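J.: In this text, residue positions in the sequence shown follow the numbering used here: the first is 3, and each later residue adds one. Even glycine gets a Cβ: it sits at the ideal position worked out from N, Cα and C. Remember, predicted model here, so these are calculated numbers, not experimental data. The following block contains the structure, expressed as structure tokens.
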Amino acid sequence: MLLLALDTATPAVTVALHDGTDVVASSVQVDARRHGELLLPAVDRLLADAGLRLDAVTGIVVGVGPGPYTGLRVGLMTADTFGLALGVPVYGLCTLDGLAYASDMEGPFVVATDARRKEVYWARYADSRTRLAGPAVDRPADIADEVAGLPAVGAGALLYPDVFPKAHEPEHVSAAALAGLAAERLAAGEELPAPRPLYLRRPDAQVPKNYKVVTPK
Numbered sequence: 003m004l005l006l007a008l009d010t011a012t013p014a015v016t017v018a019l020h021d022g023t024d025v026v027a028s029s030v031q032v033d034a035r036r037h038g039e040l041l042l043p044a045v046d047r048l049l050a051d052a053g054l055r056l057d058a059v060t061g062i063v064v065g066v067g068p069g070p071y072t073g074l075r076v077g078l079m080t081a082d083t084f085g086l087a088l089g090v091p092v093y094g095l096c097t098l099d100g101l102a103y104a105s106d107m108e109g110p111f112v113v114a115t116d117a118r119r120k121e122v123y124w125a126r127y128a129d130s131r132t133r134l135a136g137p138a139v140d141r142p143a144d145i146a147d148e149v150a151g152l153p154a155v156g157a158g159a160l161l162y163p164d165v166f167p168k169a170h171e172p173e174h175v176s177a178a179a180l181a182g183l184a185a186e187r188l189a190a191g192e193e194l195p196a197p198r199p200l201y202l203r204r205p206d207a208q209v210p211k212n213y214k215v216v217t218p219k
């Protein structure tokens with residue numbers, strides 16, 4: 003097994019290789035505006051550093067969000083393209099599940115990433131592998147009662163200490179965590195889903211009101 007994992011659902015452009023037992027190599031670059039520019043060079047660099055070719059990959063793992071439309075689609079389209087080109091399966095995992103797995107926390111906790119517009123993408127977990135609620139997108143104040151007293155991880159939690167006073171790292175998802183979670187579930191005989199994007203809300207870009215379509219006569 004050699005899994006290539008990637009995620010562009012948060013400001014982190016992250017890539018990893020996993021051989022089914024351990025992480026072979028990983029990369030994280032935080033730049034919310036350069037997902038498309040950074041992702042493919044990161045994959046090339048990671049394979050070169052590991053002394054491997056792309057055709058050695060036996061499966062693709064991609065974070066499906068939730069996240070902003072523009073960034074999220076970069077990872078999803080790249081994963082689908084690799085899967086088609088290599089003839090290998092493509093697995094989709096919730097980005098928040100990757101953050102939960104990386105936290106290695108044992109008790110109830112919350113994962114929250116920055117959704118902009120003064121909102122967070124969030125989910126509640128029983129432990130690092132078990133999601134209880136979510137994912138959802140809300141203003142932090144609107145979920146204050148539901149998350150009260152719970153530890154939290156993720157950039158969204160760190161942005162709102164009044165609601166998440168017990169927030170700590172990891173701040174962004176790591177593809178290494180997504181790959182490790184996928185490898186663990188595959189080894190247990192679980193059937194992982196195909197990637198389906200978790201946008202949770204409409205894209206920021208909207209067609210202007212009173213927009214007129216001009217067609218040639």
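Report the three-state DSSP secondary structure of G61 (helix, strand or coil).
T.: In this structure, G61 counts as strand in the three-state DSSP scheme.
J.: For A117, tell me which candidate among D164, G69, P199 has the shortest Cα-Cα distance.
T.: The shortest C-alpha separation from A117 is found at G69.
J.: Please determine, among E192, R36, G94, the residue with the shortest C-alpha to C-alpha distance to L8.
T.: Checked all of E192, R36, G94; the closest Cα to L8 is G94.
J.: Please state the DSSP three-state secondary structure of E192.
T.: It is coil, neither helix nor strand.
J.: Sorted by chain position, which residues of the same chain lie with C-beta nearer than 6 Å to G73's C-beta, five sequence neighbours on each side aside?
T.: Hits under 6 Å: T10, H37.
J.: Tell me the DSSP secondary structure of L4 in three-state form.
T.: Looking at L4 - three-state DSSP - the assignment turns out to be coil, as it is neither helix nor strand.
J.: Counting only runs of 4+ residues fully inside the stretch 23-97, write out the alpha helix (DSSP H) ranges in chain order.
T.: Runs of the alpha helix (DSSP H) inside the stretch 23-97: 37-52, 71-88.
J.: What span of residues does the alpha helix (DSSP H) with E121 cover, start to end?
T.: Premise fails: E121 lies in the beta strand (DSSP E), 121-129, not in any alpha helix (DSSP H).
J.: By the three-class DSSP mapping on this structure, what secondary structure does P142 have?
T.: P142: helix per DSSP, three-state reduction.
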